[in-house]
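Chemist: Residue numbers (my numbering): 19 to 493.
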Ligand SMILES: [Zn+2]
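Here you go:
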């Protein structure tokens, strides 16, 4: 049996979050009634002319910059000719020989290691429509999506396993969602992935014949689809067969890939420069302005949270899963500058009541409410345990934490007479623990503090309790 090495390259189509299409003013709104977001331009009616959407260009350039690509001053739109019922013009406007950006890279973490995967190019193109099959026995065409702006991100064939491919895809999705150009939604088709998969004997530098897996529509399936294709190609070669270049689809039910069609080569599309659009010219000032909008990317943010703010990696990871969580955390830190305390509270409490979807998020509290709550704990006005109750009381309200504390008379008990009595009761009730402390095991004091907190229903000032106990036990 030959030992094969998989060679995988991903092509991702990411929908730019513009409100109108790439070459006309039609809405890009998802879920509208079929064929309502259409006009002569995106229907490809004779005599209509495309006009490039400036907002889409900004987002595409931002995407390329975030992926470290070189943005070219001049690029050319091209017609990609093919027939399909969802393509009324008979061609798709894309970029071919002269895309607006090339040669970037994406750092991907796989199994604790960082791998840098090359990005061949990022170019702009318009989406096609959608065929809807089996409606009362008919197949229908919905052209709402025709002309929606896409960025195609072509990765180098440098991925060596299905797990690496899945990690690359997640890292790419995170970057696009962070810079606000895409909602990362595979299920609604706004982030789509095709995988080119081939295998070769390990040690060989020659590429094997590749097959393209089309439109894998969930992160879960990416890994399974690629693994299934690697297994299929291995079995074919081991049996002495050859791999045919073709486009295949993955069936999650059977866990197998199957032939869709024999694969076209670029020359089949008869690309030529789009005569209705002038070359796209991007001046340096424009590119630099977009560079300023890229902001801090998820990986850099995680590193800074750990290195500079002192967060543990797992917390940094959780906070940077969504841009809205990052904004929440940073806004709370702006009011209460204790990043570790804020981060822990956000991860443990706030995220439980949050809903994150695409680029949007809703939280049950505001960053200001959380900052004020943590300040009350910091000043000793309430205990950490009381903070959880206050949190529950301010969720989905406009109340301030202080209002709740006052309403419920929740202030921490710092009255030393009252605490002294509670401490004395606990010491009397736990003679063996007291003996242990006296014998030098200071750590057991924490147990006694816990008992006092329990007795006072969490309202005692733990610092004061600790001081009193130390004095009483005298260990
Ligand atoms: Zn239109």
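Beta carbons are placed, not taken as given, at the ideal position from N, Cα and C, and that holds for glycine.
Alpha helix (DSSP H) containing residue 263: first to last residue?
Modeler: It is not in any alpha helix (DSSP H) - residue 263 carries neither H nor E in the DSSP assignment.
Chemist: Given a cut-off of 8 Å, decide if residue 164 and residue 152 are closer than it, judged by their beta-carbon atoms.
Modeler: Cβ atoms of residue 152 and residue 164: not closer than 8 Å.
Chemist: Between residue 144 and residue 168, how many whole angstroms is the CB-CB distance? I'm expecting something under 8 Å.
Modeler: Contact holds; Cβ gap of about 7 Å.
Chemist: For residue 112, which beta-bridge partners are listed by DSSP?
Modeler: Answer is 96, bridged to residue 112.
Chemist: Would you say residue 448 reaches chain D, if we count a Cβ-Cβ gap shorter than 8 Å as a contact?
Modeler: Looking for chain D here will not work: only one protein chain is present.
Chemist: Taking 7 Å as the line, does the beta carbon of residue 165 fall inside it for any heavy atom of ligand 1?
Modeler: Yes, Cβ of residue 165 sits closer than 7 Å to a heavy atom of ligand 1.
Chemist: Tell me the residue span of the beta strand (DSSP E) that contains residue 140.
Modeler: Note, residue 140: beta strand (DSSP E), 131-144.
Chemist: Thinking just about the alpha-carbon of each residue, which of 199, 424, 428 is nearest to the one in residue 311?
Modeler: The shortest Cα separation from residue 311 among 199, 424, 428 belongs to 199.
Chemist: Do residue 216 and residue 25 come within 8 Å of each other at the CB atom, strictly closer than that value?
Modeler: Yes, Cβ-Cβ distance for residue 25 and residue 216 is below 8 Å.
Chemist: When you compare each of 177, 476, 408 to residue 214 by their alpha carbons, which one comes out closest?
Modeler: When each option's Cα is compared against that of residue 214, the closest is 177.
Chemist: Who does residue 167 pair with in a DSSP beta bridge?
Modeler: Answer is 144.
Chemist: Taking the alpha carbon of residue 173 as the point to measure from, which residue in 161, 187, 162 has its own alpha carbon closest?
Modeler: Selected option, being the one with the closest Cα: 187.
Chemist: Restricting to Cα atoms, I'd like to know which of 258, 291, 234 is closest to residue 273.
Modeler: Of the listed residues, the one whose Cα sits closest to residue 273 is 234.
Chemist: Are residue 58 and residue 45 touching if we call contact CB-CB under 8 Å?
Modeler: Their beta carbons are not under 8 Å apart, which means residue 58 does not touch residue 45 by this criterion.
Chemist: Which residues count as close to ligand 1 when the rule is a CB under 5 Å from any of its heavy atoms, in chain order?
Modeler: Residues with a Cβ closer than 5 Å to any heavy atom of ligand 1, in chain order: 42, 44, 57, 59, 60.
Chemist: Sort out for me which residues DSSP pairs residue 22 with in a bridge.
Modeler: 219.
Chemist: DSSP three-state call for residue 426: helix, strand or coil?
Modeler: DSSP places residue 426 in coil when its eight states are reduced to three.
Chemist: Quick one: Cα of residue 403 to Cα of residue 22, how far?
Modeler: If you take the alpha carbons of residue 403 and residue 22, they lie about 57 Å apart.
Chemist: For the stretch 434-489, which segments carrying the alpha helix (DSSP H) assignment without a break, of at least 4 residues, lie completely within its bounds, in sequence order?
Modeler: Within the stretch 434-489, the complete alpha helix (DSSP H) runs of at least 4 residues are 434-447, 449-456, 463-473.
Chemist: Do residue 441 and residue 369 have their CB atoms nearer than 8 Å?
Modeler: Not closer than 8 Å, so no.
Chemist: Tell me the rounded alpha-carbon separation between residue 301 and residue 72.
Modeler: Approximately 13 Å between the Cα atoms of the pair.
Chemist: With a threshold of 16 other CB atoms inside 10 Å of the CB of residue 79, please say whether the residue is buried or exposed.
Modeler: That one is buried.
Chemist: Does the beta-carbon of residue 405 have 16 or more other beta-carbons within 10 angstroms, so that it is buried, or is it exposed?
Modeler: Answer is buried; the Cβ neighbour count reaches 16.
Chemist: If you check the beta carbons only, do residue 466 and residue 448 fall under 8 Å apart?
Modeler: Yes, the pair counts as a contact, with Cβ atoms nearer than the cut-off.
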